[in-house]
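*Asks:* Sharing a structure here in C-alpha cells format.
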Amino acid sequence: MTDTQTRHGAIYWLDDSGDDLTRRPALSGDQTVDVAILGGGFSGLWTAYFLLRANPDLSVAVIEREFCGYGASGRNGGWCSPRYPMLVDELEKHFGADAARATIRAQHAIVDEIGRIIAEEAIDAHFTPGGMLSIARTERQLVALKATYASYDRLGLADDTRMLSAGEANNLIAATGIKGGMKTDSGASIHPARLVRGLARAVERRGGHIYEGTAVTGVRPGQPALLETGGGVVTARRAVVLAGEAYLSGIAAYHRQLLPMSSMIVATAPLDAAMWAQIGWDGYESLSSGAYTKDYLTRTRDGRILFGSRGAPYLFGSQMPESALADPALYAPIIANLRSWFPVLRDVPITHAWGGYLGVPRDGMPSVHFDAATGLGNAFGYTGRGVATTALAGRALAGLIAGVPDHAPDLPMLHAPGPKWEVEPLRWAGVRYIQNAFARIDAADFRNGGVPFDAKLAKTLAPI
Ligand SMILES: Cc1cc2nc3c(=O)[nH]c(=O)nc-3n(C[C@H](O)[C@H](O)[C@H](O)COP(=O)(O)OP(=O)(O)OC[C@H]3O[C@@H](n4cnc5c(N)ncnc54)[C@H](O)[C@@H]3O)c2cc1C
C-alpha cells in the first residue's frame with residue numbers, strides 16, 4: 001500500500017509528549033553562574049540535575065538553541081539499555097576485563113537508577129522494564145549472537161541473559177525468519193520526549209535556569225570559561241559543559257571531534273487487539289536483529305510499533321540539515337523491512353517517519369571529562385546508545401565538577417575527548433564506503449548467506 005498518511009519529519013514522541021513545547025524565554029543580557037551548560041538534551045540535563053541534587057546552592061544555567069529535547073534525546077528509539085556504546089569485547093580489548101566488567105555493571109545500575117529517579121520526580125516517562133530481546137534472522141546473525149553471549153558469559157556478565165531457540169523466541173514475538181534469540185532481563189523502554197521534558201522541569205524545580213531559543217556561538221576556555229551566545233555572554237565560575245553531541249560539529253573548535261550520523265524511525269498507527277494477539281510481544285522488550293544496518297524496534301504504550309534503522313548517507317563536511325531527514329525515499333526501505341518482519345502490518349498506516357543525528361567519536365568511546373585549568377567539561381560520543389549512558393555520564397561529570405568522587409567512579413569513559421576524525425574528503429569517502437559496505441553485507445547475507453569480499457575491511461574500518 002502507499003503510505004499517504006505518513007508525516008515525514010514528524011516525531012511521534014514529541015507529538016505525544018503531553019507538552020506543547022512552547023519555548024522558555026531566551027537569554028537576554030550577560031550572566032554569571034557557577035556552571036553553564038551547552039545543550040538541553042539528556043547529557044546537559046542529567047549533568048544539571050546531578051549537580052543540583054548534590055549541591056542545591058550551585059547556580060546552573062542550561063543554554064539550548066531550540067527547545068529541550070529537540071536533538072536525539074527527543075527522537076530516539078526509547079531503549080534505556082544495559083548495553084554500553086562500546087561493545088563488551090572492544091571494552092575488554094582496549095581497557096582490560098576488569099574495566100569492561102565495571103563499565104557494564106555501571107550501565108546496568110544506571111538503568112535502575114533512571115527508573116528510581118523517574119518515580120521520585122513523578123515524570124510520566126512510561127518506564128517499562130521489559131528487558132532486551134535480540135533475534136537472529138540469518139545464520140550469520142545467529143553465529144554473531146552466540147558470540148556476543150559467549151563474551152558476556154566469559155566475563156561473568158551473563159546472569160540475566162539467556163540464549164533462546166527459534167521456537168522460544170517466536171513464542172515471545174511472531175516475526176518472520178527467526179533463527180534464534182537472546183533475552184536479557186535488564187533494560188527498559190522509556191518515552192524519551194516525556195523523560196527529557198520532565199527532566200528539564202525537575203532541573204528547574206531544583207533551582208536551575210534553562211534558556212531556550214539561544215544558540216551558543218563560541219566557547220572560550222579560561223578562568224573563568226565563557227559561553228558566547230546571541231543573547232549575551234555566560235561566564236561560568238566553575239565550569240562550562242559541552243553537551244551538544246552531534247551538533248557540536250557545527251562549532252569550529254569541535255568540528256572533527258564527533259561525526260554526525262543519522263538514524264531513522266517509522267511509527268505505525270496503534271494496532272488493534274487482534275493484531276497484537278497475532279504478534280505477541282507481551283513483554284514490551286526492546287527488540288533488535290543483528291543486521292549491520294541495524295533494526296531496532298519498540299512497542300509503545302499506545303500500541304504502535306516503532307521500527308528504527310541506520311540513517312541517511314553521511315553528508316560532506318558533517319552537514320546535518322533537518323531537510324535531509326524528511327525525504328520519503330529514505331523511509332521506503334525501512335517501511336518495507338518492517339512489513340517483511342510482520343506481514344500482518346501490510347495495511348496498517350505508517351503515521352510518522354523521522355530521523356535524528358547522533359555523535360560518533362573516532363575511537364568509539366564516550367568521553368566524560370572536566371579540566372579545571374580550562375574550566376571546560378564535556379559529555380558526549382554515545383554512538384546511538386545514549387539514553388541510559390547520558391545519565392551515567394551526566395552523574396560522573398557532575399561528580400568531577402562538584403567534587404563528589406562517588407558519582408565519578410573510575411571507568412574508561414572518564415577521559416579527555418579522543419582522536420579527531422579525518423579531514424575531508426577522506427572522512428566523507430571513508431564513511432560513505434562503510435555505510436555502503438554494511439548495506440551490501442546485509443543484502444548478501446539475506447540473499448544467500450554470502451559475504452562480500454571486503455566485509456572484513458569494512459568492519460575493521462568502522463569505529464562501531
Ligand atoms: C533516531 C535515533 C534513535 C536512537 N535510539 C536510541 C535508543 O533507542 N537507545 C539509546 O540508548 N540511544 C539511542 N539514540 C542515541 C541517544 O538518543 C543519544 O545518545 C542521546 O539522546 C544523546 O543526548 P545528548 O543530550 O548528548 O544529545 P542531544 O539530545 O542531541 O542534545 C544536544 C542538544 O544540544 C543543543 N545544541 C547543540 N548545539 C547547540 C548550540 N550551539 N547552542 C545551544 N544548544 C545547542 C541541541 O539543540 C540539542 O538539544 C538514538 C539516536 C537517534 C538520533
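Here my numbering is used: the first residue of the sequence shown is 1, the next is one more, and so on.
Note that beta-carbon positions come from the ideal geometry of N, C-alpha and C, so glycine has one too.
(1) Give me the DSSP bridge partner(s) of W341.
(2) Are A455 and A243 close, meaning C-beta to C-beta below 8 Å?
(3) Could you tell me which of R154, D34, G375 sits nearest to E92, measuring between CA atoms?
(4) Under the rule that 16 or more other beta-carbon atoms within 10 Å means buried, what is M1, buried or exposed?
(5) Can you tell me which residues form a DSSP beta bridge with S17?
(6) For N231 versus S28, is the C-beta spacing smaller than 8 Å?
(7) Please give me, in chain order, every unbroken run of the beta strand (DSSP E) with length at least 3 that falls completely inside the stretch 90–178.
(8) In this structure, how does DSSP classify R304 when only helix, strand and coil are distinguished?
(9) Are the CB atoms of F438 and Y331 nearer to each other than 8 Å?
(10) Excluding the 5 residues flanking A193 on each side, which residues of the same chain have their C-beta closer than 6 Å to its C-beta?
(11) Please list, in chain order, all residues of the same chain as G39 whose beta carbon is under 6 Å from its beta carbon, the five residues on each side excluded.
(12) Three or more C-beta pairs under 8 Å: does that hold for the stretch 352–362 against the stretch 394–408?
(13) What does the Cβ neighbour count give for G321, buried or exposed, with the cut at 16 atoms within 10 Å?
(14) Taking contact to mean 3 or more Cβ pairs, one atom from each stretch, closer than 8 Å, check whether the stretch 220–231 and the stretch 367–382 are in contact.
(15) Between the alpha carbons of G364 and A274, how many angstroms are there, rounded?
(16) With DSSP as the reference, please indicate the residues paired to L52 in a beta bridge.
(17) Would E285 be called buried (16 or more neighbouring beta carbons within 10 Å of its own) or exposed?
(18) According to the neighbour-count rule (16 or more other Cβ atoms, all chains shown, within 10 Å of its Cβ), is P56 buried or exposed?
(19) Going along the chain, which residues of its own chain have a beta-carbon closer than 7 Å to the beta-carbon of A200, five neighbours each way excluded?
(20) As a quick exercise: from L259, T268, R23, D302, pick the residue whose alpha carbon is nearest that of V424.
(21) Restricting to Cα atoms, I'd like to know which of V62, Q31, F50, D19 is closest to I37.
(22) Using CA atoms only, rank isn't needed, just tell me which of S189, H369, D445, G71 is closest to G418.
(23) Alpha carbon to alpha carbon, how far is R24 from R65? Give it in angstroms, no decimals.
(24) Run through the DSSP bridge pairs and tell me what W354 is partnered with.
(25) Just tell me which of S263, Y247, S262, M264 has its CA closest to the CA of R256.
(26) State the CB to CB distance for the pair G207 and L133, rounded to an integer number of angstroms; the pair is presumed to be in contact (CB under 8 Å).
(27) Beta-carbon within less than 6 Å of R301's beta-carbon, same chain only, minus the 5 sequence neighbours each way: which residues are those?
(28) If you follow the alpha helix (DSSP H) that L400 is part of, which residue opens it and which one closes it?
(29) Output the boundary residues of the alpha helix (DSSP H) element that contains Y254.
(30) If you run the structure through DSSP and keep just helix, strand and coil, what is M275?
(31) I want to know whether the stretch 299–313 touches the stretch 323–338 - three or more CB-CB distances under 8 Å.
(32) Counting Cβ pairs closer than 8 Å, one from the stretch 135–142 and one from the stretch 164–181, do we hit at least three?
(33) Provide the residue span of the alpha helix (DSSP H) that contains Y433, from first to last.
(34) Which class does G232 belong to by DSSP, given the choice of helix, strand or coil?
*Replies:* Inspection of the coordinates gives the following:
(1) Residue 341 sits at position 341 when you count from the first residue of the sequence shown. DSSP, once it has assigned bridges, lists no residue as partnering W341.
(2) The sequence position of residue 455 within the sequence shown is 455, counting from 1. The sequence position of residue 243 within the sequence shown is 243, counting from 1. Remark: C-beta atoms of A455 and A243 do not approach each other more closely than 8 Å.
(3) What you label residue 92 is simply residue 92 of the sequence shown in a count that begins at 1. That would be R154, whose Cα lies nearest to the Cα of E92.
(4) Your numbering for residue 1 matches position 1 in the sequence shown. Because the pLDDT at M1 is just 49, under 50, the model does not fix this residue reliably, and the point stays unresolved.
(5) The residue labelled residue 17 in the question sits at position 17 within the sequence shown. Answer is none; S17 lacks a bridge partner.
(6) What you label residue 231 is simply residue 231 of the sequence shown in a count that begins at 1. What you label residue 28 is simply residue 28 of the sequence shown in a count that begins at 1. Note on identity: in this sequence residue 231 is Gly, with Asn being the wrong assignment. In this structure, the beta-carbon distance from G231 to S28 falls below 8 Å.
(7) Runs of the beta strand (DSSP E) spanning 3 or more residues and lying entirely within the stretch 90–178 occur at 132–136, 161–164, in chain order.
(8) Counting from one through the sequence shown, the residue named residue 304 turns up at place 304. In the three-state reduction of the DSSP assignment, R304 falls in the coil class, being assigned neither a helical nor a strand state.
(9) On the sequence shown, residue 438 is found 438 positions in, with the first residue counted as 1. On the sequence shown, residue 331 is found 331 positions in, with the first residue counted as 1. Taking 8 Å as the Cβ cut-off, F438 and Y331 do not qualify as a contacting pair.
(10) Counting from 1 along the sequence shown, the entry for residue 193 is found at position 193. For A193, where only same-chain residues beyond five positions count, the Cβ hits under 6 Å are W13, L14, S17, G69, G74.
(11) Counted from its first residue, the sequence shown places residue 39 at position 39. So the qualifying residues of the chain are A243, G244.
(12) No, the stretch 352–362 is not in contact with the stretch 394–408.
(13) Residue numbering aside, residue 321 sits at position 321 when the sequence shown is read from its first letter. A quick correction: the sequence has Pro, not Gly, at residue 321. Exposed, by the Cβ-count rule.
(14) Yes, the stretch 220–231 touches the stretch 367–382.
(15) In the sequence shown, residue 364 corresponds to position 364, counting from 1. In the sequence shown, residue 274 corresponds to position 274, counting from 1. CA-CA distance, G364 to A274, rounds to 43 Å.
(16) In the sequence shown, counting from the first residue as 1, residue 52 sits at position 52. In the DSSP assignment, no residue is bridged to L52.
(17) Taking the first residue of the sequence shown as position 1, residue 285 is located at position 285. Per the 10 Å Cβ criterion, buried.
(18) Walking along the sequence shown from the start, residue 56 turns up at place 56. So P56 ends up on the exposed side.
(19) Counted from its first residue, the sequence shown places residue 200 at position 200. Taken in chain order, the residues that qualify are G40, L45, C68, I210.
(20) The count along the sequence shown starts at 1 and reaches residue 424 at position 424. Per the sequence shown, the amino acid found at residue 424 is Glu instead of Val. Closest by alpha carbon: L259.
(21) Within the sequence shown, the letter at position 37 stands for residue 37. Of V62, Q31, F50, D19, the residue nearest in Cα terms is V62.
(22) Indexing the sequence shown from 1 puts residue 418 at position 418. When S189, H369, D445, G71 are compared, the shortest CA-CA separation from G418 is found for H369.
(23) In the sequence shown, residue 65 corresponds to position 65, counting from 1. In the sequence shown, residue 24 corresponds to position 24, counting from 1. Rounded to the nearest angstrom, the two C-alpha atoms are 11 Å apart.
(24) Position 354 of the sequence shown, counted from the start, is the residue given in the question as residue 354. Paired residues: I265.
(25) Your numbering for residue 256 matches position 256 in the sequence shown. For R256, the closest of S263, Y247, S262, M264 by C-alpha to C-alpha distance is Y247.
(26) To locate residue 207, count along the sequence shown from 1; it is residue 207. To locate residue 133, count along the sequence shown from 1; it is residue 133. Separation of the CB atoms of G207 and L133 is rounded to 41 Å, and the pair is thereby denied contact status at 8 Å.
(27) By one-based count along the sequence shown, residue 301 stands at place 301. Cβ contact annotation for R301 (same chain, cutoff 6 Å, sequence separation greater than five): H126, in chain order.
(28) The residue labelled residue 400 in the question sits at position 400 within the sequence shown. Following the DSSP letters along the chain, one finds L400 inside the alpha helix (DSSP H) bounded by residues 389–402.
(29) Counting from 1 along the sequence shown, the entry for residue 254 is found at position 254. For Y254, no alpha helix (DSSP H) segment is defined, and its DSSP state is neither H nor E.
(30) Position 275 of the sequence shown, counted from the first residue, corresponds to residue 275. In the displayed model, M275 falls within a helix according to three-state DSSP.
(31) The stretch 299–313 vs the stretch 323–338: in contact.
(32) Two segments are said to touch when three or more pairs of C-beta atoms, one from each, lie closer than 8 Å; by this definition the stretch 135–142 touches the stretch 164–181.
(33) Here residue 433 refers to the residue found at position 433 when the sequence shown is read from its first residue. In the DSSP assignment, Y433 falls within the unbroken alpha helix (DSSP H) covering 426–448.
(34) Locating residue 232 in the sequence shown gives position 232, counting from the first residue. Reduced to three states, the DSSP call for G232 is strand.
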